[in-house]
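Here is the structure we will look at.
2 protein chains.
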Amino acid sequence: MVDGLEKYFTIRYEDNIVKMLDQRYLPHQTRYLSCSDYHQVATAISQMVIRGAPAIGAAAAYGMALAAYRSNAQNHLDLMADLDKAASVLIASRPTAVNLTWAVKRIMDRVKSLPSHNVSETTRIILEEANSLAQEDEQNCQLMGQNGASLIPVNANIIHHCNTGALATVAYGTALGVIRAAHEQGKHIHVFVDETRPRLQGARLTAWELQQLGIPYTIIVDSASGLLMQHGKVHLCIVGCDRVASNGDVANKIGTYNLAMAAHVHHIPFYVAGPSSSFDMDARDGTAIVVEERPDEEITQIGGVRITPEGAEVYNPAFDITPAKYITAFITEKGVIYPPFGEHFHGIITH
Amino acid sequence: MVDGLEKYFTIRYEDNIVKMLDQRYLPHQTRYLSCSDYHQVATAISQMVIRGAPAIGAAAAYGMALAAYRSNAQNHLDLMADLDKAASVLIASRPTAVNLTWAVKRIMDRVKSLPSHNVSETTRIILEEANSLAQEDEQNCQLMGQNGASLIPVNANIIHHCNTGALATVAYGTALGVIRAAHEQGKHIHVFVDETRPRLQGARLTAWELQQLGIPYTIIVDSASGLLMQHGKVHLCIVGCDRVASNGDVANKIGTYNLAMAAHVHHIPFYVAGPSSSFDMDARDGTAIVVEERPDEEITQIGGVRITPEGAEVYNPAFDITPAKYITAFITEKGVIYPPFGEHFHGIITH
Chain A
142 MVDGLEKYFT
152 IRYEDNIVKM
162 LDQRYLPHQT
172 RYLSCSDYHQ
182 VATAISQMVI
192 RGAPAIGAAA
202 AYGMALAAYR
212 SNAQNHLDLM
222 ADLDKAASVL
232 IASRPTAVNL
242 TWAVKRIMDR
252 VKSLPSHNVS
262 ETTRIILEEA
272 NSLAQEDEQN
282 CQLMGQNGAS
292 LIPVNANIIH
302 HCNTGALATV
312 AYGTALGVIR
322 AAHEQGKHIH
332 VFVDETRPRL
342 QGARLTAWEL
352 QQLGIPYTII
362 VDSASGLLMQ
372 HGKVHLCIVG
382 CDRVASNGDV
392 ANKIGTYNLA
402 MAAHVHHIPF
412 YVAGPSSSFD
422 MDARDGTAIV
432 VEERPDEEIT
442 QIGGVRITPE
452 GAEVYNPAFD
462 ITPAKYITAF
472 ITEKGVIYPP
482 FGEHFHGIIT
492 H
Chain B
142 MVDGLEKYFT
152 IRYEDNIVKM
162 LDQRYLPHQT
172 RYLSCSDYHQ
182 VATAISQMVI
192 RGAPAIGAAA
202 AYGMALAAYR
212 SNAQNHLDLM
222 ADLDKAASVL
232 IASRPTAVNL
242 TWAVKRIMDR
252 VKSLPSHNVS
262 ETTRIILEEA
272 NSLAQEDEQN
282 CQLMGQNGAS
292 LIPVNANIIH
302 HCNTGALATV
312 AYGTALGVIR
322 AAHEQGKHIH
332 VFVDETRPRL
342 QGARLTAWEL
352 QQLGIPYTII
362 VDSASGLLMQ
372 HGKVHLCIVG
382 CDRVASNGDV
392 ANKIGTYNLA
402 MAAHVHHIPF
412 YVAGPSSSFD
422 MDARDGTAIV
432 VEERPDEEIT
442 QIGGVRITPE
452 GAEVYNPAFD
462 ITPAKYITAF
472 ITEKGVIYPP
482 FGEHFHGIIT
492 H
């Protein structure tokens, strides 16, 4: 099926330039940003030109490829020093999604495994590895879509939070990929799109993607979910994840926890979709996950228009932690995982 | 105590003009709108120049006074016809808050009780009754403040939704009046201000009022309440109400129910403050309350800036219904009411 989304790409490496669709301008403009060094990539991640755990993982991998390409190192040791520096900068660009660390570590592990210490050969292999990672991300999304679509009824009203589509990944999407797969199977899907304050990724990005895909949707404010559930209008919720702890606690966009509590109260299934690269087996539980705080202006201004009084105090956490007990199942590229999660992750999540 | 808020008033009747602080321009501008007939008052209510259940009750009462003053009726029957028409228009200006109906009915009951059928005398008495209603609203808020302040700990972090302060009433406020009374008693209060999408009454109006009053506050997005509660940062929630059904179900600003569910999950007290005029003993439960749907533009645009894709579908309910079981107690001018509400309302709520 050809759809409107195929005209666009989220991220691509071409001629030693990382090109990204600049998500700050969507849905009104489709502009691409070109990064020619890893610092620009890190800035793009931190300013949310590109966002979504899988997408920023790919961006970090390509950032490492740029770091290698732009390095003036004449020998392996100097190259490794440059790569270590780039790794630190890229990992620090945003703290919560584990995919950044995962992607950078994957590149570094590959480099460390090389028998040859030839600088240009290493540089070539880093790009090869980044391209593999990006390709696998797309394949994983397709698999998640297939695995998850089986959980979606033939007629389904679904609440979706934030953006987890093609824009949040290299292509296709995680939670939105599941919705897309169900739609492609001919199921009758309608999505209630949480607008997702403060940055409105739902109202801006998810609405735009669903429009391109021809999937019916309705935008709501984040706090309208309870009313819809009370009226029996919601069959399930599905969200993505920025980091899953080893016990199944989930860090995801602020508001995920409130949605999960509402679903719990109404006995509505609450699914979390994400690639195994978003699982952090080193985090014992949600308390081990750093929740990023972002600038006040995301709340005090919208589209450059000031909302709040001058001098207003603001607390702007970008993520929250949903305890494992509120999650019906995880949808991964390796299958659907049910509770008890700690036990069932073993053997499935391996890194 | 003199504070910054005393410079302003929410609504006032002077020289046969109803003047209202135009809340659409706050916090950036303090402009007043003058209404010289009841149609203008109804439009001001429906466009939310003035909002908040008690404040629109007072506005409707003054609208009736304008209707009488502007009537060309030469006899009682013609005046009654004009008043009936005004009553319908004012009641229809917004459907959910019961205070509109209550205020208009109070005026009409007073008129019907008059022994004299003198048109100018009736006109004078309608204004007198509207002024009484407004004065009582202010007194009731003071009483609610005193009754509610006893429930607030000496050190309290409070989540507050929407705006329930001086701007939502004739003066002082309902839920925010309770917060204000506790602050005036020297308690150490900090308010987490739900920004309250879509119209941002929290970020715009409540933040402005708290700033004028010198009460410390922090603005959050509505869906951050769960994270704060999880971190033990919230001691109680307090909200207002647009209509309370006879079983204790509450219609209030969209997002109230989601906040109540989060408080319930975390065993945090959830208080509802409102004058007895917001209680509708004719509504058996929440299902009997009409939830107003408002224009798409409240969600698709912010400050005139378009957020969503062109053609996006939107669902914009202005209120939700919080079931009685999630409410710890009601704070009214007549005292604090604990469950079982249906039983305890009897004898306290009398109209």
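These protein sequence lines map, in sequence, to chains A and B. Heads up: the first sequence begins at 142 in our numbering, then just goes up one per residue. Heads up: the second sequence begins at 142 in our numbering, then just goes up one per residue. Using N, Cα and C, we set each Cβ at its ideal position, and we do this for glycine too.
Counting only Cβ-Cβ distances below 8 Å, Glu-454 of chain B has contacts in chain A at Pro-357, Tyr-358, Thr-359, Ile-360, in chain order. Look at Ile-299 of chain A: its C-beta is not under 8 Å from any C-beta on chain B. Inclusion of Tyr-203 of chain B and Ile-152 of chain B in the CB contact set at 8 Å is warranted, their separation being smaller than that value.
Per DSSP, the unbroken alpha helix (DSSP H) holding Ser-273 of chain B starts and ends at 260-290. Here the alpha carbons of Gln-170 of chain A and Lys-148 of chain A stand approximately 14 Å from one another.
Only exposed fits Lys-253 of chain B, as fewer than 16 other CB atoms lie within 10 angstroms of its CB.
At a cut-off of 4 residues, the continuous stretches assigned as alpha helix (DSSP H) that sit fully inside the segment 177-238 of chain B are 179-187, 194-211, 217-232. C-alpha of Tyr-313 of chain A to C-alpha of Arg-447 of chain A: approximately 35 Å in a straight line. Around the beta-carbon of Pro-416 of chain A, 16 or more other beta-carbon atoms lie within 10 Å, marking it buried. Counting along the chain, the unbroken alpha helix (DSSP H) around Tyr-398 of chain A starts and ends at 397-406.
Taking a 10 Å sphere around the C-beta of Leu-218 of chain A, we find fewer than 16 other C-beta atoms and assign the residue as exposed. As summarised for the segment 337-390 of chain B, the continuous alpha helix (DSSP H) elements at least 4 residues long and confined to that stretch are 348-354, 366-371, given in chain order. Exclusion of the five residues before and after Val-391 of chain A leaves Cys-382, Val-385, Val-413, Thr-463 as the residues of its chain whose Cβ lies within less than 6 Å of its Cβ. In the DSSP assignment, the residues bridged to Ile-299 of chain A are A:Val-332, A:Leu-377.
Secondary structure remark: continuous alpha helix (DSSP H) runs of at least 4 residues inside the segment 419-489 of chain B, in chain order: 438-441, 482-486.
Residue-level contact by beta carbon fails for Leu-146 of chain B and chain A, as no gap is shorter than 8 Å. With the criterion set as a beta carbon lying under 9 Å from some beta carbon of chain A, the segment 274-301 of chain B has no members that meet it.
Closest option to Ser-419 of chain A, judged by alpha-carbon separation, among A:Ile-197, A:Pro-410, A:Gln-371: A:Ile-197.
The beta carbon of Gln-283 of chain B sits closer than 7 Å to those of Tyr-313, all from its chain and outside the five residues before and after it, given in chain order. In the structure shown, Ser-257 of chain B falls within a coil segment according to DSSP collapsed to helix, strand and coil. Under the Cβ criterion of 8 Å, Asn-399 of chain A is counted among the residues facing chain B. Between the segment 169-189 of chain A and the segment 280-294 of chain A there are fewer than three inter-stretch CB-CB distances shorter than 8 Å, so the stretches are not counted as touching. Here the segment 367-378 of chain A does not lie against the segment 448-462 of chain A, with fewer than 3 beta-carbon pairs under 8 Å apart. Rounded to the nearest angstrom, the Cβ distance from Ser-366 of chain B to Asn-399 of chain A is 6 Å, consistent with a contact under 8 Å. Residues His-301, Gly-343, Ala-344, Thr-347, Ala-348, Leu-351, Tyr-358, Thr-359, Ile-360, Ile-361 of the same chain have their beta carbon placed closer than 8 Å to that of Val-334 of chain A, with the five preceding and five following residues left out of the count. With a cutoff of 8 Å on beta-carbon distance, Tyr-479 of chain B and His-405 of chain B are scored as not near each other. A direct Cα-Cα distance of roughly 14 Å separates Gly-427 of chain A from Ile-395 of chain A. For the set A:Tyr-166, A:Asp-423, A:Ala-233, A:Phe-150, the Cα lying nearest the Cα of Gly-445 of chain A is the one of A:Tyr-166. For Val-245 of chain B, the three-state secondary structure derived from DSSP is helix.
Under the DSSP assignment, Glu-155 of chain A falls in the beta strand (DSSP E) whose first and last residues are 152-155. The beta-bridge partner set that DSSP reports for Leu-162 of chain A consists of A:Tyr-173. Note: Ala-392 of chain A is bridge-paired with A:Arg-384, A:Ile-462 in the DSSP secondary-structure output. Segment contact: the segment 241-251 of chain B against the segment 302-309 of chain B, fewer than three CB-CB distances shorter than 8 Å; contact not assigned. Per the C-alpha coordinates, the member of B:Val-239, B:Thr-449, B:Ile-409, B:Phe-460 positioned closest to Val-432 of chain B is B:Phe-460. Classified as exposed, Asp-156 of chain B has fewer than 16 neighbouring CB atoms from the shown chains inside 10 Å of its CB. Comparing alpha-carbon positions, the option among B:Gln-181, B:Asn-288, B:His-331 lying closest to Ala-470 of chain B turns out to be B:Asn-288.
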